[in-house]
Amino acid sequence: MASRKEIINKIYKIVPPMLESFHKGQLGRVAVIGGSEDYTGAPYFSGMASAKLGADMSHVICEPGAGQVIKTYSPNLMVHPYMRQSKNMQEGETIDSVSKTVTDMLSRLHVVVIGPGLGRDEAMQETCARVIQEARKQGIPFIVDADGLFIIQNRPELVEGCTECILTPNVVEFGRLAKSKGIDASGDPTKLCEELAKAFGGPTIIQKGAKDYISNGKVTLVNDNEGGLKRSGGQGDTLTGSLATLMAYRKAYHDKIWDHEDDLSESETLALVAFGGSAITRECSRLAYKEKGRSLQAGDLTEHVHTAFLNTIGEKTKI
Numbered sequence: 001m002a003s004r005k006e007i008i009n010k011i012y013k014i015v016p017p018m019l020e021s022f023h024k025g026q027l028g029r030v031a032v033i034g035g036s037e038d039y040t041g042a043p044y045f046s047g048m049a050s051a052k053l054g055a056d057m058s059h060v061i062c063e064p065g066a067g068q069v070i071k072t073y074s075p076n077l078m079v080h081p082y083m084r085q086s087k088n089m090q091e092g093e094t095i096d097s098v099s100k101t102v103t104d105m106l107s108r109l110h111v112v113v114i115g116p117g118l119g120r121d122e123a124m125q126e127t128c129a130r131v132i133q134e135a136r137k138q139g140i141p142f143i144v145d146a147d148g149l150f151i152i153q154n155r156p157e158l159v160e161g162c163t164e165c166i167l168t169p170n171v172v173e174f175g176r177l178a179k180s181k182g183i184d185a186s187g188d189p190t191k192l193c194e195e196l197a198k199a200f201g202g203p204t205i206i207q208k209g210a211k212d213y214i215s216n217g218k219v220t221l222v223n224d225n226e227g228g229l230k231r232s233g234g235q236g237d238t239l240t241g242s243l244a245t246l247m248a249y250r251k252a253y254h255d256k257i258w259d260h261e262d263d264l265s266e267s268e269t270l271a272l273v274a275f276g277g278s279a280i281t282r283e284c285s286r287l288a289y290k291e292k293g294r295s296l297q298a299g300d301l302t303e304h305v306h307t308a309f310l311n312t313i314g315e316k317t318k319i
């Protein structure tokens with residue numbers, strides 16, 4: 001297994017330098033799909049993490065009730081109230097029409113995050129299932145977290161064989177995914193992530209915990225760098241947003257929008273994105289905990305994203 005320093009040096013390669021020749025949108029057009037009446041913070045934290053890490057354009061696609069609230073959190077996010085909970089369907093609206101409105105946005109995006117603040121409403125879940133299907137058709141990478149993983153545990157075929165996908169389960173969500181694949185989640189923790197990833201046959205899985213295990217079923221990385229000790233909810237949203245921006249940087253790397261050696265394969269860069277997102281998030285947690293202690297909340301991580309990036313990966317010098 002490569003050393004942490006070797007992994008970080010490779011992640012550094014896929015981060016674009018800041019060049020005058022770039023135009024708006026080249027360094028990341030990201031969307032977070034989620035946000036319902038009950039949950040407005042999660043999509044905001046994810047979208048802001050993507051923006052703070054450097055995505056040019058961060059969108060949130062959510063329920064109208066959530067959209068009005070999220071718009072008051074930050075004018076930096078583009079908020080689209082296109083999702084519908086079952087009880088809020090308007091006359092003439094159907095899951096088909098709502099899904100089409102959402103999937104029509106995909107061609108404008110580099111990466112999609114599915115799940116933050118989604119909830120388990122049937123219409124919301126079905127819309128996201130269709131987003132996953134369409135993203136796969138269009139070859140758009142996606143990250144699934146939170147209640148997006150509830151879709152996957154019930155319909156694992158949606159991501160089976162998909163290599164352009166990252167799943168980010170916590171311990172409870174991991175157990176449910178393992179059960180859906182007939183895997184005993186009480187087994188050897190150093191092998192479970194690889195076993196589950198192998199069962200899905202494509203997706204990369206980040207098993208969040210005291211150590212983050214990252215595997216695509218063939219190669220497994222372990223990130224055990226120090227994080228904060230407070231386990232307040234919502235910290236995983238910083239992870240999904242960070243992953244989204246790094247995934248957009250990965251696309252920029254493979255599209256060669258700047259001159260570089262081009263010596264990393266697509267499968268390798270996906271693993272690097274997963275490790276990088278994990279490393280940045282754990283450093284955010286460490287920095288926020290150092291400052292806030294037991295009072296730490298998910299929003300405290302947001303302001304540390306850039307510093308965490310500098311501490312873990314480092315800024316590119318101008319080329």
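Quick note: the sequence shown uses my numbering, first residue 1, plus one each step. Quick reminder that beta carbons are idealized off the backbone N, C-alpha and C, glycines included. This structure is a prediction, so every number in the text was calculated from the model and none was measured.
- For VAL15, there is no enclosing alpha helix (DSSP H), as DSSP gives it neither H nor E.
- By the Cβ neighbour-count rule, HIS23 is exposed, with fewer than 16 other Cβ atoms within 10 Å of its own.
- A distance below 8 angstroms between beta-carbons, with the five flanking residues on each side excluded, links ALA271 to the following residues of its chain, in chain order: THR204, ILE214, ASN216, VAL219, LEU221.
- Taking 8 angstroms as the cut-off, the beta carbon of ALA244 is found closer than this to the beta carbon of VAL111.
- For PHE275 and GLU63, the gap between their C-alpha atoms comes out near 31 angstroms.
- Beyond the five residues adjoining it in sequence on each side, GLU266 comes within less than 6 angstroms, by CB distance, of no other residue in the same chain.
- In terms of CA proximity to GLU126, SER99 leads the group ALA248, PRO116, LEU109, SER99.
- In the structure shown, ILE151 adopts helical secondary structure according to DSSP, grouped into three states.
- Counting the other CB atoms within 10 Å of its CB gives SER21 a total below 16, which places it among the exposed residues.
- Judged by DSSP in its simplified three-state form, GLN297 adopts coil rather than helix or strand.
- Taking 8 angstroms as the upper bound for CB-CB distance, GLY117 and ALA66 are in contact here, some 7 angstroms apart.
- Sequence-distant Cβ neighbours of ARG250 in its own chain, meaning closer than 6 angstroms and more than five residues away, are ILE14, THR269, VAL273.
- In this structure GLY202 is in contact with THR163, their Cβ atoms being roughly 5 angstroms apart against a cut-off of 8 angstroms.
- CA-CA distance, HIS260 to ARG108, rounds to 26 angstroms.
- Residue pairing of ILE33 in beta bridges, as defined by DSSP: ILE61, ILE114.
- Looking only at LYS87, SER285, MET105, the smallest Cα-Cα distance to ASP237 is reached by SER285.
- Annotated as proximal: ILE183 and LEU196, with beta-carbon spacing under 8 angstroms.
- For GLN153, the closest alpha carbon among the candidates LYS137, ARG136, GLU173 is that of GLU173.
- Excluding its 5 nearest sequence neighbours in each direction, GLY234 has C-beta neighbours in its own chain below 7 angstroms: GLY41, ALA42, PHE45, ALA298, listed in chain order.
- For ASP237, the enclosing alpha helix (DSSP H) covers residues 235-254.
- Apart from the 5 residues on each side of it in sequence, ARG120 sits with its Cβ closer than 7 angstroms to the Cβ of ASP147, PHE150 in its chain, given in chain order.
- Judged by DSSP in its simplified three-state form, MET78 adopts strand.
- Rounded to whole angstroms, LYS5 and GLU283 show a C-alpha spacing of 15 angstroms.
- By the Cβ-count criterion, ASP145 is buried, with 16 or more other Cβ atoms from all chains shown falling within 10 Å of its own Cβ.
- Residue pairing of ASP212 in beta bridges, as defined by DSSP: ASN223.
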